[in-house]
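Residue numbers (the numbering used here): 31 to 593.
Have a look at the structure below, then the notes.
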Amino acid sequence: MNQADPKPSLNFIEAIIEEDLRNNKNESRIHTRFPPEPNGYLHIGHAKSICLNFGLAEKYKGMCNLRFDDTNPTKEEEEYVESIIEDISWLGFDWEGRLFYASDYFDQLYEWAEKLISDGKAYVDELTSAEISEQRGTVTKAGEESPFRDRAVEENLELFRAMRDGKFKEGEKVLRAKIDMSSPNMHMRDPVIYRVLHESHQRTGDKWCVYPMYDFAHGQSDYFEGITHSICTLEFEIHRPLYDWFLDNLIDTKYRPRQIEFARLNISYTVMSKRKLLELVEEGLVNGWDDPRLPTISGLRRRGYTPEAIRNFADRVGVAKRDNVIDVALLEHSLREDLNVKAPRVMAVLNPLKVVITNYPEDKEEELPAENNPEDESMGSRMIPFSREIYIEKEDFMEDPPKKFFRLAPGKEVRLKNAYIINCESVVKNPDTGEITELHCTYDPETKSGMPNSAKKVKGTLHWVSAQHAIDAEVRLYDRLFLDEDPAGKKDGSDFKDYLNPDSLKILNNCKLEPDYAAAKAGDHFQFQRIGYFVVDTVDSVEGKPVFNRTVPLRDSWARKNK
RNA sequence: UGUCCGAUAGUGUAACUGGCAACACGUCUGACUCUGAAUCAGAAGACUCCAGGUUCGAACCCUGGUCGGACAACCA
Numbered sequence: 031m032n033q034a035d036p037k038p039s040l041n042f043i044e045a046i047i048e049e050d051l052r053n054n055k056n057e058s059r060i061h062t063r064f065p066p067e068p069n070g071y072l073h074i075g076h077a078k079s080i081c082l083n084f085g086l087a088e089k090y091k092g093m094c095n096l097r098f099d100d101t102n103p104t105k106e107e108e109e110y111v112e113s114i115i116e117d118i119s120w121l122g123f124d125w126e127g128r129l130f131y132a133s134d135y136f137d138q139l140y141e142w143a144e145k146l147i148s149d150g151k152a153y154v155d156e157l158t159s160a161e162i163s164e165q166r167g168t169v170t171k172a173g174e175e176s177p178f179r180d181r182a183v184e185e186n187l188e189l190f191r192a193m194r195d196g197k198f199k200e201g202e203k204v205l206r207a208k209i210d211m212s213s214p215n216m217h218m219r220d221p222v223i224y225r226v227l228h229e230s231h232q233r234t235g236d237k238w239c240v241y242p243m244y245d246f247a248h249g250q251s252d253y254f255e256g257i258t259h260s261i262c263t264l265e266f267e268i269h270r271p272l273y274d275w276f277l278d279n280l281i282d283t284k285y286r287p288r289q290i291e292f293a294r295l296n297i298s299y300t301v302m303s304k305r306k307l308l309e310l311v312e313e314g315l316v317n318g319w320d321d322p323r324l325p326t327i328s329g330l331r332r333r334g335y336t337p338e339a340i341r342n343f344a345d346r347v348g349v350a351k352r353d354n355v356i357d358v359a360l361l362e363h364s365l366r367e368d369l370n371v372k373a374p375r376v377m378a379v380l381n382p383l384k385v386v387i388t389n390y391p392e393d394k395e396e397e398l399p400a401e402n403n404p405e406d407e408s409m410g411s412r413m414i415p416f417s418r419e420i421y422i423e424k425e426d427f428m429e430d431p432p433k434k435f436f437r438l439a440p441g442k443e444v445r446l447k448n449a450y451i452i453n454c455e456s457v458v459k460n461p462d463t464g465e466i467t468e469l470h471c472t473y474d475p476e477t478k479s480g481m482p483n484s485a486k487k488v489k490g491t492l493h494w495v496s497a498q499h500a501i502d503a504e505v506r507l508y509d510r511l512f513l514d515e516d517p518a519g520k521k522d523g524s525d526f527k528d529y530l531n532p533d534s535l536k537i538l539n540n541c542k543l544e545p546d547y548a549a550a551k552a553g554d555h556f557q558f559q560r561i562g563y564f565v566v567d568t569v570d571s572v573e574g575k576p577v578f579n580r581t582v583p584l585r586d587s588w589a590r591k592n593k
């Protein structure tokens, strides 16, 4: 093996870029863009594309623009523009002021449409959309030409201007590129490039009543912005000949953008299409676009994901052209990896069971030191109150435990984290229901954490809170939204919503927390020791009364073994 | 029954472009542990879709097939 730096492997897009750089293509500029349509919220699939586009620009000392593809005023809204801007910024990317809209180019695009007409390469059609669809043919059968295909240039120009001037109703006339009705590629069969829409546009108002189609806007917008590598998902692959056709017929420069397609991200146990996400939101199956169970950026943020975790994840999933489904465990791994070093540790009891330490003085209380993060000494420590009555987790006690149960059971002893070793003496039950209501234990004062005699080994360590000091908190336990690995991929006719997990959200109202954390601020991350990572909800928390969302549970080899 | 794209451990991505199939996640062992977490050490797991061909040598090149995906909005 040569110890000289092993060539870092490139994904296929980086390979293309490096090849272009070697050939001094486009004067060795690298300029990408992220082009969302403002008709929905961004999801983690978009995050992959954002990381790719901005990441490439960064890696190759280029630039990356943000451009809203707003060519359809009937679907797009300002609310979406704002959320998209917020999400990209939150992920940590900067378009350095290069925020554009396809609508910025409507004048130029209109002129180019006239140019195409003048060159005899576009015509005004007056067939209905049903008729156009019918004569387009099928994937295996050539289409037929429209009777309006061979109008004179002057007539076309006149008609197109009349379209622009509002002389026609929607659907009455369209502008079509004159390409090839027998092309094996449906997109080349005289595609519609301009349509009449008597709709006010979020940005251009009532200036226009004709709007360009995606294909007539996208490549040209790339060209106007000097984009060199126009990266999009696989479904646009079949559009590429059209992308190139417009450039071939409209520009005459050495510089030219190139469209490159990669496979979109899919993740197990969720859905990743705007349409399906919209359906869940609109039908009230989740609580809005930022529901913590959704793979939207805003949902993940509210769930407690960090930008770093998402970016690391995006790096790890790779970039290629084959369809893929990423194991959600990889996402969760990236998250835990980041939170492990960042999140302060806290003791919180989700399902409290009272423990009375019978030999601990009734009026005594002490403050015990606890480190905030064993992974990072600089995060310091805090003092936590201890007293005669504490709460432990219900599931940390079993009356009749299996052999390898390292927790509390009658006659067994455990370490209370940061405190003493206790021994379980007796169990108090509700005489009517048989339910365990209380445990009576004794403690050994010599085993206090940090003391010389504290080194005694016990198998288990439990988290706990002092009953009289603990604060109550609401905790929301989020789980995966779907029970099936691939809810949208079924061929048996079932709907993705058939696989919704009925237990994707469990609300716990009687959780006990260390007293200091009443002051936790919205968005603060914590690790509830032995349980998982939690974040203070940004929507429903109120001053002094935080609501905690479970971001992700800790890995749990005990639970795994017992499955 | 058209065109385009794709196929490498369970999942995802590599393989210096023809030279010992590697990395990550996951799984399983073990060590350590005042978090059954983290960390550390190790293991299992791949006829590289199939069949031919070229070559000293093929995951990679060629031929043929199989399987999967995309495409017939006045959506993007």
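The beta carbon of each residue, even a glycine, is placed where N, CA and C say it ideally should be.
Treat the numbers as computed from the prediction; the structure is a model and nothing was measured.
Among the bridge pairs identified by DSSP, Arg63 is matched with Asn95. DSSP, reduced to helix, strand and coil, places His228 outside both helices and strands of the structure shown, so it counts as coil. By the neighbour-count criterion, in which a residue is buried when 16 or more other Cβ atoms sit within 10 angstroms of its Cβ, Ile537 is exposed. Rounded to the nearest angstrom, the gap between the Cα atoms of Ala549 and Glu504 is 14 Å. Residue pairing for Tyr563: DSSP places it in a beta bridge opposite Gln557 and Val582. Listed as beta-bridge partners of Gln289 by DSSP are Ser260. Within the segment 86-163, complete beta strand (DSSP E) segments of at least 3 residues are found at 93-98, 129-131 and 152-155, given in chain order. With 16 or more other Cβ atoms inside 10 Å of its own Cβ, Arg219 counts as buried. In this structure Val495 is buried. Its beta-carbon is surrounded by 16 or more other beta-carbon atoms within 10 angstroms. Just so you know, the alpha carbons of Pro440 and Leu72 end up roughly 52 Å apart. Between Pro576 and Trp238, the alpha-carbon positions lie close to 49 Å from each other.
The beta carbon of Arg341 sits closer than 6 Å to the beta carbons of Cys81 from its chain, once the five residues preceding and following it are set aside; these are given in chain order. Taking 8 Å as the cut-off, the Cβ atoms of Arg294 and Thr326 do not count as close.
When the five nearest sequence neighbours on each side are left out, the beta carbons in the same chain lying within less than 6 Å of the beta carbon of Thr336 are those of Asp368, in order along the chain. For Arg346, the enclosing alpha helix (DSSP H) has its first and last residue at Pro337 to Val347.
For Ser587, there is no enclosing beta strand (DSSP E); the enclosing alpha helix (DSSP H) covers residues Ser587 to Lys591. Contact between Tyr450 and Asn389 fails: their C-beta atoms lie close to 11 Å from each other, not under 8 Å. For Phe416, there is no enclosing alpha helix (DSSP H); the enclosing beta strand (DSSP E) covers residues Ser411 to Ser417. In this structure, Leu398 lies near Met413, with their beta-carbon atoms less than 8 Å apart. When the beta-carbon positions are compared, Phe564 and Gly334 come within less than 8 Å of each other. Around the CB of Gly249, 16 or more other CB atoms lie within 10 Å, so the residue is classed as buried. At a Cβ-Cβ threshold of 8 Å, Arg63 and Asp180 do not count as neighbours. Asn186 places its beta carbon less than 8 Å from that of Ile147. Collapsing the DSSP output to three states places Ser79 in a helix. Considered as a whole, the segment 488-546 harbours 501-508 and 535-543 as its complete beta strand (DSSP E) runs of no fewer than 3 residues, in chain order.
Here Ala485 is exposed: its Cβ has fewer than 16 other Cβ atoms, across all protein chains shown, within 10 Å.
In the structure shown, the three-state DSSP call for Ser408 is helix.
A direct Cα-Cα distance of roughly 8 Å separates Arg331 from Pro322.
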